[in-house]
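Throughout the sequence shown, residue numbering follows the working numbering, covering 835 to 1150 in sequence.
To start, the structure under review is shown below, and the notes come after it.
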Amino acid sequence: MSVITESQETMDAGYRLEVLPMSQHTGAEIHGVDLREPMDEATVRAIRTALLRWKVVFFRDQELTRDQHVAFGRRFGQVSPGHPTLTPRFPEHPEIVMIEKEHHRDNPDANEIEHRWHNDLSYMAAPPMGSILRAVSVPPFGSDTEWTNLAAAYATLSPPIRELIDEMTAVHHNVLHVVRGEPNKLARDFMSTRLRARHPVVTLHPETGERQLYVNPDYTSHIVELTRQESDHLLAMLNEHVCSREFTVRFQWRPGSIAFWDNRATAHIAPADVTPGHRRVMERITLDGTSFVGPTGFESVTVDGSGAAVPDNGSP
Ligand code: SIN
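This is the structure we're talking about:
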């Protein structure tokens, strides 16, 4: 893997970190840091810089305990208290969400939900700024995760389309795509409270100011300013564009791998190819984020079923 300018600069600055980009737009592996150890400010800054540049960063061979996972997250922000609708699996660590997958032949429930590209919790008015996923148990092959870069997706749209969508807002909701049968318990829990938010279709990244195409096939329901027919067609095109292969990176998990993504600047897709006979167990924490502002000044809000804003403390 070649080391390009960014990694040289990081080393020249005197840090022992190496940042190895993995694709043209998205993803870098960071070497030379032990996440179990207390981290100095220079290292935190270097990781944050790499995160903002590459949108998702990966670490290998980090055997973290749950406490160390949470402590690592705290260096980059406030760790969110837990998932808004899922019951915590670890009472001593309600902030950790366990993500468990099995091949559908081993568990007939496992394939009921279609995996689609999404941003974590985009149905909240202030979705997480970041997510940190830790591999606990992974199959020997398959089960990769992919990420895409929302700024690159926006920048490569033709100017008239960018101008059109700069003005638009969209509702996101926590409705999962059930492929067949009834939703399993996890899906029922996930959707037990209906959550909806309205975001600008183009968000300004709160730290870099970059414009980003903020729609995803999983949770974006419709564009508010359009008829449903217009919205369906435009969203189909934008959703296809946002996860075009040229913006993506694919990560092969190994035990001890960690992925830390900027959830404001990426969408990702979980695998649907868990190897028969294997379980895939991951643990995720999220870091508190803020609402988005779009190019027109529109700021994300919590909405009711009609798309109207509800008070911050209103039940969805
Ligand atoms: C997630 O969607 O946050 C988890 C992705 C994965 O399990 O690979």
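C-beta atoms are modelled at their ideal positions from N, C-alpha and C, and glycine is treated no differently.
Under the criterion of a Cβ to heavy atom distance below 7 Å, does residue i qualify as lining the ligand SIN?
i     : result
S1125 : no
L967  : yes
R1118 : yes
H1102 : yes
I930  : no
D954  : yes
T979  : yes
I1164 : Beyond the ends of the chain as shown, which are 835 and 1150, falls residue 1164; an answer cannot be given.
I933  : yes
P1105 : yes
If you run the structure through DSSP and keep just helix, strand and coil, what is residue i?
i     : result
W888  : helix
L898  : coil
E1074 : helix
F1126 : coil
P1051 : coil
Q1063 : helix
V878  : helix
A989  : helix
E1133 : strand
R1098 : coil
H903  : helix
M968  : First, the residue type needs correcting, since residue 968 is Arg and not Met in the sequence shown. Strand at R968.
A1104 : coil
I799  : Nothing in the structure corresponds to residue 799, since the chain is present only between 835 and 1150.
Tell me which residues share the same chain as residue i and place their Cβ nearer than 8 Å to its Cβ, disregarding the 5 neighbours each side in the sequence.
i    : result
H949 : I1103, A1104, P1105 and A1106
What's the call for residue i, buried or exposed, on a 16-neighbour Cβ count within 10 Å?
i     : result
Q896  : buried
R968  : buried
T1120 : buried
R1118 : buried
K1019 : exposed
S992  : exposed
H1006 : buried
P974  : exposed
E1016 : exposed
E929  : buried
D954  : buried
V1076 : buried
With a Cβ-Cβ cutoff of 8 Å, do residue i and residue j count as a contact?
i     : j     : result
H917  : D1052 : no
F1081 : A987  : yes
F892  : A1093 : yes
Y957  : L1029 : yes
R1022 : A1004 : no
V890  : G976  : no
T1130 : N983  : no
I999  : V1058 : no
H1039 : A1099 : yes
D1096 : G911  : no
G1151 : R887  : Since the first and last residues shown for the chain are 835 and 1150, residue 1151 lies out of range.
E1152 : R1113 : Nothing can be reported for residue 1152: it is not among the residues displayed for the chain, which extend from 835 to 1150.
R909  : V878  : yes
I'd like the list of long-range same chain contacts for residue i, defined as Cβ closer than 6 Å, with 5 residues on each side in sequence excluded.
i     : result
D1138 : V1144
L1072 : V1049
E1044 : A985
A1170 : Since the first residue of the chain shown is 835 and the last is 1150, residue 1170 is not available in this structure.
V1083 : M856, S857, T860, G861 and W981
V1115 : E934, V970 and S971
At the 8 Å Cβ level, is residue i part of the contact set with chain C, yes or no?
i    : result
A989 : Among the protein chains of the structure shown there is no chain C, as only one such chain exists.
If you measure from the CB of residue i, is any heavy atom of the ligand MG nearer than 7 Å?
i     : result
N1008 : With respect to small molecules bound, the structure shown includes the ligand SIN and not the ligand MG.
Please return the same chain residues whose Cβ sits closer than 7 Å to the Cβ of residue i, not counting the five positions on each side in sequence.
i     : result
G1141 : V1005, R1032 and V1058
T899  : none
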